[in-house]
Amino acid sequence: MKKQLSEQRFAWLVIAPACVIVFGIVIFPLVTTFIYSLKNMDLTSSQYGQWIWLRNYMDLLRDKEFWLTTGRTAYFTGVSLTIELILGIFIALLLNENIKGKAFLRTIIIIPWAIPTIVNGAMWKWIYHPEYGALNALLTQLGLIDHYQSWLGSPWLAMNMIIIADAWKMTPLVVIFFLASLQLRNLSIYEAARVDGANIFQRFYHLTLPFLKPTILVIIVMRTMEAFKVFDIIYATTRGGPANGTLTLTYDAYLKSFTNLQYSQGATISYLIAFMVLILTLLYVKLLKSEAAN
Numbered sequence: 003m004k005k006q007l008s009e010q011r012f013a014w015l016v017i018a019p020a021c022v023i024v025f026g027i028v029i030f031p032l033v034t035t036f037i038y039s040l041k042n043m044d045l046t047s048s049q050y051g052q053w054i055w056l057r058n059y060m061d062l063l064r065d066k067e068f069w070l071t072t073g074r075t076a077y078f079t080g081v082s083l084t085i086e087l088i089l090g091i092f093i094a095l096l097l098n099e100n101i102k103g104k105a106f107l108r109t110i111i112i113i114p115w116a117i118p119t120i121v122n123g124a125m126w127k128w129i130y131h132p133e134y135g136a137l138n139a140l141l142t143q144l145g146l147i148d149h150y151q152s153w154l155g156s157p158w159l160a161m162n163m164i165i166i167a168d169a170w171k172m173t174p175l176v177v178i179f180f181l182a183s184l185q186l187r188n189l190s191i192y193e194a195a196r197v198d199g200a201n202i203f204q205r206f207y208h209l210t211l212p213f214l215k216p217t218i219l220v221i222i223v224m225r226t227m228e229a230f231k232v233f234d235i236i237y238a239t240t241r242g243g244p245a246n247g248t249l250t251l252t253y254d255a256y257l258k259s260f261t262n263l264q265y266s267q268g269a270t271i272s273y274l275i276a277f278m279v280l281i282l283t284l285l286y287v288k289l290l291k292s293e294a295a296n
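As numbered in our numbering, residues 3 to 296 make up the sequence shown, in order.
The structure is reproduced here in structure tokens:
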């Protein structure tokens with residue numbers, strides 16, 4: 003009995019530092035943020051610190067700007083994810099073939115993903131620079147444009163340029179997932195299909211895509227959660243501009259909390275983001291379970 007008790011004390015002693023860290027940097031901020039969303043924590047308000055319960059949520063859900071920001075965030079997530087999936091599949095298929103320099107290409111493909119997001123954002127900001135940017139120089143040299151463009155100068159164009167920058171960084175991760183799945187294919191099925199007269203497109207549509215479907219769903223779950231919370235690349239490139247054209251939910255929460263000192267609104271947006279991501283995750287998990295059952 004004493005030996006069992008001492009083992010339990012030792013176990014608690016071992017996990018105690020981890021519990022303190024988890025409580026300090028995860029649980030405590032989560033609880034505090036939720037309390038802030040139920041109170042008036044606007045430093046410029048005369049009613050600072052008063053409980054207003056769900057009023058922050060109701061005001062935010064009635065705010066037209068909030069839904070515009072949500073739409074921009076959904077657009078960023080959907081387009082970025084689509085580009086990454088399409089490029090990821092075809093690059094993985096290419097790297098899975100017996101081509102010259104395959105080992106070297108598999109090695110360097112990981113470099114964009116290994117670059118920190120804030121560095122990636124700063125790099126693409128210079129690439130898109132209207133006067134000294136590499137993109138303008140390249141397109142001018144190729145004769146595709148006759149004068150330099152301000153790639154981050156209009157709301158719609160700036161959002162799409164940031165999507166390209168994000169896809170450039172995250173596509174290698176998608177390639178790795180698909181490449182790992184392709185290694186497990188039963189090649190004899192492809193040989194049989196080839197003998198039966200199936201062309202490359204038919205083999206891709208009827209054999210490769212169904213085989214990659216579970217991997218596609220996993221990537222969708224993972225990247226949706228990450229892209230919906232995008233912050234770093236927005237901060238490093240446009241700071242939400244121009245004219246709020248690249249303002250996403252997470253960056254809006256940051257501005258309200260640390261620029262406008264509206265802590266209640268920032269906390270409320272943060273919890274609404276978590277709620278939206280939770281709903282999407284549950285839907286995706288349901289899809290994964292139904293796929294596994296089939």
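Just so it is clear, CB atoms sit at the ideal spot from N, CA and C, and this is done for glycine as well.
These numbers were taken from a predicted model, which means no experiment stands behind them.
Go ahead and label residue i buried or exposed: buried means 16 or more other beta carbons lie within 10 angstroms of its beta carbon, across all protein chains shown.
i: threonine 261; result: exposed
i: phenylalanine 168; result: Reading off the sequence, residue 168 comes out as aspartate, not phenylalanine. Buried: at least 16 other Cβ atoms inside 10 Å.
i: arginine 225; result: buried
i: proline 174; result: buried
i: alanine 144; result: Looking at the sequence provided, one finds leucine at residue 144 rather than alanine. Exposed, by the Cβ-count rule.
i: asparagine 122; result: buried
i: alanine 94; result: buried
i: glutamate 193; result: exposed
i: tyrosine 134; result: exposed
i: tryptophan 53; result: exposed
i: isoleucine 24; result: Here the sequence assigns valine to residue 24, which means isoleucine is not the residue at that position. That one is exposed.
Go to residue i, then tell me how far its alpha helix (DSSP H) extends in each direction, as first and last residue.
i: proline 132; result: That residue, proline 132, is in no alpha helix (DSSP H); it is neither H nor E in DSSP.
i: glutamine 185; result: It is not in any alpha helix (DSSP H) - glutamine 185 carries neither H nor E in the DSSP assignment.
i: tyrosine 150; result: Element bounds for tyrosine 150: n/a, residue is neither H nor E.
i: proline 244; result: No alpha helix (DSSP H) contains proline 244, which DSSP labels as neither H nor E.
i: alanine 200; result: Taken as a continuous stretch (DSSP letters only), alanine 200 belongs to no alpha helix (DSSP H), as it is neither H nor E.
i: isoleucine 221; result: 211-230
i: serine 82; result: 66-98
i: isoleucine 110; result: 104-110
i: leucine 137; result: 136-143
If we ignore side chains and look at the alpha-carbon of each, how far apart do residue i and residue j end up?
i: valine 279; j: glutamate 67; result: 20 Å
i: threonine 84; j: leucine 285; result: 18 Å
i: alanine 255; j: glycine 268; result: 4 Å
i: proline 212; j: serine 190; result: 16 Å
i: leucine 15; j: threonine 34; result: 27 Å
i: arginine 187; j: isoleucine 178; result: 15 Å
i: asparagine 98; j: leucine 181; result: 7 Å
i: phenylalanine 78; j: alanine 13; result: 45 Å
i: alanine 124; j: threonine 217; result: 31 Å
i: tyrosine 207; j: isoleucine 37; result: 51 Å
i: lysine 41; j: asparagine 58; result: 8 Å
i: methionine 43; j: leucine 257; result: 15 Å
From the DSSP secondary-structure annotation, give me the bridge partner or partners of residue i.
i: tryptophan 115; result: BP columns for tryptophan 115 are empty, so no partner.
i: aspartate 44; result: Gln264
i: tryptophan 53; result: Lys41
Mind reading off the beta-carbon distance from residue i to residue j? Whole number of angstroms is fine, and I expect it under 8 Å.
i: methionine 161; j: arginine 74; result: 7 Å
i: serine 82; j: alanine 229; result: 5 Å
i: isoleucine 129; j: isoleucine 235; result: Contact flag wrong, Cβ pair sits at about 13 Å.
i: leucine 70; j: threonine 270; result: Their Cβ separation, rounded to whole angstroms, is 16 Å, which puts leucine 70 and threonine 270 out of contact at 8 Å.
i: valine 176; j: leucine 87; result: 7 Å
Are any of the Cβ atoms in chain D nearer than 8 Å to that of residue i?
i: proline 132; result: No chain D appears in the structure shown, which is made up of a single protein chain.
Mind checking whether the beta-carbon of residue i lies closer than 7 Å to any heavy atom of the ligand SAH?
i: threonine 119; result: As for the ligand SAH, it is missing from this structure, which has no ligand bound.
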